[in-house]
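J.: To convert, take the position in the sequence shown, counting from 1, and add 77; that gives the working numbering. Cβ coordinates follow ideal geometry from the N, Cα and C atoms, glycine included.
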Amino acid sequence: MTRVDLTTPPRRILIIKPSALGDVVHALPVLNLLRRRWPAAHVAWVVGGAFASLLEGHPQLDEVIRFERRRFGRGWRDPGAAAGLFRFMSRLRRGSFDLVLDLQGLLRSGWMTMRTRAPVRVGFSNARELAHLFYTHRVPVESTDQHAVDRCLNLCEAIGCGRGPIEFNFHVTEEDRRHVAQLVGEDRPYAVLLPGTNWPTKRWPVEYFAALVGPLRERFGLEAVVAGGPDVAGIASQVPRAVNVVGQTSNLRQLVALLQRADLVVANDSGPMHIAAALGRPLVTMFGPTNALRTGPYGRMDSVVRLDIPCSPCYSRRCSHQSCLRWLHAEHVLAVAARQLQARPRRATLSDVQSLT
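#1: For the region 274 to 310, which segments carrying the beta strand (DSSP E) assignment without a break, of at least 3 residues, lie completely within its bounds, in sequence order?
#2: For W188, does the three-state DSSP call read helix, strand or coil?
#3: So, is C401 buried or exposed, given that buried needs 16 or more other C-beta atoms within 10 angstroms?
#4: Please classify D222 as buried or exposed, where buried requires at least 16 other C-beta atoms within 10 Å of its C-beta.
#5: How would you write the range of the beta strand (DSSP E) that H214 sits in, first residue to last?
#6: Consult DSSP for T434 and reduce its assignment to one of helix, strand or coil.
#7: Which first and last residues belong to the alpha helix (DSSP H) in which F149 is found?
#8: Quick one: what's got a C-beta closer than 6 Å to G438's C-beta in the same chain, skipping five residues either side?
#9: When DSSP labels each residue in this structure, what does D227 get in the three-state scheme?
#10: Where L132 and H248 are concerned, what is the direct C-alpha to C-alpha distance, given to the nearest angstrom?
#11: Just to confirm before moving on: does the CB-CB distance between L260 and L289 stay below 8 Å?
#12: Let's test the definition: count the other Cβ atoms within 10 Å of the Cβ of P106 and tell me whether it reaches 16, buried, or not, exposed.
#13: Starting from D179, trace the beta strand (DSSP E) both ways and give me its first and last residue.
#14: For F128, which residues does DSSP report across the bridge?
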């Protein structure tokens, strides 16, 4: 393991992990290990605006720096966006960070790393788009199939923070919990269905989600609750007899609060799925074009259901037949759900849900 020689304890640390939601969740153990190793340090995080609500107010963070990628990308034709990008760059420089960790490993995150002018800038040796050129130290990745969380832990080990304990600490307010109670009730047992995902090829057919609603109620006594962002509204409308709260969790903390109390979560390969996995909820997640060993629910391979067919995983965003998921039927998912419900602890009620505050 490559070791980074830190002659003095860092006073100001910056994590760069702008996106996506699942990747931000995977990086949470890094925050915890940094805070345990250097409790007095100022710790900041560069995160995409769409995911900032997951981190804002987090007691282990001193500063959240929003990276508005889409807005800044208009800087060449929008003076307001150009001014915002200039302020963002200036904030990185004024931060006087002495340790920067690039957990994204792309050209734009490498560029941010360089803009800080920090004396110690650490990233992965296999960072893409020549991002590794901006680092002072490069941490090797053991395998292309190594899970994203384990890659982050490699970096933690290299800077002397060790690899454990692995904790995913989420910040949820009482207001967030009350909002969720208004949506689904305080004590009603429920299963959250998450039919959204950012790749069309990762989307289990919506009619299969609809086929779960009756069996979930009849076999397990669980009300089906369909959740997700406003972009999922069209899909969710095709799941009748389910409680539809799509678009009604106005920030990611509320989504966390909803998943914290779920008796079961059924999800595509998506960011909310990773939140459910990190929370330790009974989970079933359907995988087709992607590799669950690399980007699946960390430490929860028992929750993955997939078909072993020659073309999977293909890592393709386009497919003419989508056999890997279309041949995966509701009974496959219900069988895994039964095992998850038998093995996992009882549901949390509103009165005993705990989160980092």
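T.: In short, the structure shows the following:
#1: Qualifying beta strand (DSSP E) stretches, in chain order: 300 to 303.
#2: In the sequence shown, counting from the first residue as 1, residue 188 sits at position 111. Correct three-state label for W188: helix.
#3: In the sequence shown, residue 401 corresponds to position 324, counting from 1. By the neighbour-count rule (16 or more Cβ atoms within 10 Å), C401 is buried.
#4: Within the sequence shown, numbered from 1, the residue matching residue 222 stands at position 145. Exposed, by the Cβ-count rule.
#5: Your numbering for residue 214 matches position 137 in the sequence shown. Here the beta strand (DSSP E) through H214 covers H214 to V216.
#6: The residue given as residue 434 occupies position 357 in the sequence shown. Only weak support exists for where T434 lies, its pLDDT of 38 falling under 50; the value from the coordinates is given anyway. Coil, per DSSP.
#7: Taking the sequence shown and counting its residues from 1, the one referred to as residue 149 is at position 72. Looking at the DSSP string, the run of the alpha helix (DSSP H) that includes F149 is R146 to F149.
#8: Outside the displayed span of the chain (78 to 434) sits residue 438, for which this structure offers no information.
#9: The count along the sequence shown starts at 1 and reaches residue 227 at position 150. DSSP places D227 in helix when its eight states are reduced to three.
#10: For the purposes of this step, residue 132 is taken as residue 55 along the sequence shown, with counting starting at 1. For the purposes of this step, residue 248 is taken as residue 171 along the sequence shown, with counting starting at 1. If you take the alpha carbons of L132 and H248, they lie about 7 Å apart.
#11: To locate residue 260, count along the sequence shown from 1; it is residue 183. To locate residue 289, count along the sequence shown from 1; it is residue 212. Here L260 is not near L289, since their CB atoms are 8 Å or more apart.
#12: Along the sequence shown, one-based indexing puts residue 106 at 29. By the 10 Å Cβ count, P106 comes out buried.
#13: The residue you call residue 179 lines up with position 102 of the sequence shown. Segment L176 to D179, the beta strand (DSSP E) holding D179.
#14: Translated into the one-based positions of the sequence shown, residue 128 becomes position 51. Answer is none; F128 lacks a bridge partner.
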